[in-house]
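Below: the structure, in structure tokens.
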Amino acid sequence: MQPFSLVIHGGAGTILKEDMTPDLEIAYLSALEDALKAGYAVLEQEGSANKAVKAAIVVLEDNLLFNAGRGSVFTKKGVQEMDAAIMDGRTLDAGAVAGVRNVRNPIELAEEVMLNSNHVFLSGKGANDFAIKQGIKLEPDEYFFSQFRYDQWKVLRDSENYSLDHTHQGLEELMKDKKFGTVGAVACDAFGNIAAATSTGGMTNKKYGRIGDSPLIGAGTYANNNTCAISCTGHGELFIRAVAAYDVSCLMEYRGLSLQEAMNEVVNVKLVKIQGEGGMIGVDAKGNAAMMFNSEGMYRGMKNSAGEHFVRIYKD
Ligand code: ASP
């Protein structure tokens, strides 16, 4: 048995205290607590890091507040297309899906791809066919609907703009009630194995089958027991170009940086240089944890066997 830890995020971006109502703040913090509780229970019972990150993500996907699973943002065509990925740092096994519809928990489908498909990354209709074949739970469109996301999309749908669901651009009148956030989890279990998972609806008004960084192994999600497990959130196009998650791993492997140092280099230097707004969470195989963002805020939380336990939203 060794120290174990779980870190989660619910999206980063322009999250300001003055835009938040007290009720909404409480709702976010308790949703993060629920996810930590579910994931940490797995680690406490000596479950694997893989199982812990999945358990935490399922709770966040089921919550309408976050842009993943239920409550995902709308595409240009007015539908919800979701992306997710999971990676096992012990074996380097990975599974990912992009552009899936009506899948209740895209992270479950990503795990199914990892375990039972002989492939790593499935997209669109093929991924949906695989979900049906494997008996993954589906839901009708209404299940995923959120009035807030719909209103957010209505502001953008006649334009060529797409929006990170965390930014003010074109959405000022909606900010009082803004609800957003790709979700992610990373864990180190009691056996020193680590895993990462990310799930998202992507960006409001995305089109042409746009895929962000979240399901791309190495960009938004990566795990390797020798270095780190990382889950990102932010403007996906820039995180893809920075190969952000894998770059943290490379800085640790090839330059000998610590988890904290490597994440700082990627989030606060490399991504800032290309205006890549967002953040990431990480753990290493010793159970060290870090969370970093270059935006105004990031919904986040952590709990570890050393007794550290918190959920936060803003910079502090
Ligand atoms: N990174 C996600 C994407 O670009 C968005 C987010 O983090 O909210 O699809």
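Per numbering that gives the first Met the number 0, numbering of the sequence shown is gapless, rising by one per residue and ending at 315.
Quick reminder that beta carbons are idealized off the backbone N, C-alpha and C, glycines included.
query, result
"First and last residue of the uninterrupted beta strand (DSSP E) at Ser29", "Counting along the chain, Ser29 falls outside any beta strand (DSSP E), though it belongs to the alpha helix (DSSP H) covering Pro21 to Glu43."
"Alpha-carbon to alpha-carbon, Ala241 and Arg254", "17 angstroms"
"Continuous beta strand (DSSP E) assignments of at least 3 residues falling wholly in the region 242 to 283", "277 to 282"
"Ala244 vs Tyr221 beta-carbon contact at 8 angstroms", "yes"
"Burial state of Ser29, where buried means 16 or more other Cβ atoms lie within 10 Å", "exposed"
"Per DSSP, the bridge partner or partners of Met86", "Ala93 and Ala195"
"Cutoff 6 angstroms; reference Ala261; Cβ partners in own chain excluding five residues on either side", "Val247, Leu250 and Met251"
"Endpoints, beta strand (DSSP E) assigned at Arg311", "His308 to Tyr313"
"Range covered by the beta strand (DSSP E) that runs through Gly9", "Ser4 to Gly12"
"Whole-number beta carbon distance between Ser122 and Ala97, since they are thought to touch under 8 angstroms", "4 angstroms"
"beta-carbon Asn127 near the ligand ASP non-hydrogen atom, thresh 7 angstroms", "no"
"Status (buried if at least 16 other CB within 10 Å, exposed otherwise) for Glu171", "In this prediction, Glu171 scores a pLDDT of 46, lower than 50, which makes its location untrustworthy; the coordinate-derived value is nonetheless stated afterwards. Exposed."
"Pair within 8 angstroms by beta-carbon distance, Ala130 and Met113", "no"
"Run of the alpha helix (DSSP H) containing Ile56, from where it starts to where it stops", "Ala48 to Asp61"
"Per-residue DSSP class, three states only, for Val154", "helix"
"Residue nearest to Lys314 in terms of C-alpha spacing, selected from Glu307, Ala305, Ser304 and Met290", "Met290"
"Span separating the alpha-carbon of Ile229 from that of Asp157", "35 angstroms"
"Helix, strand or coil at Arg240 [DSSP, three-state]", "helix"
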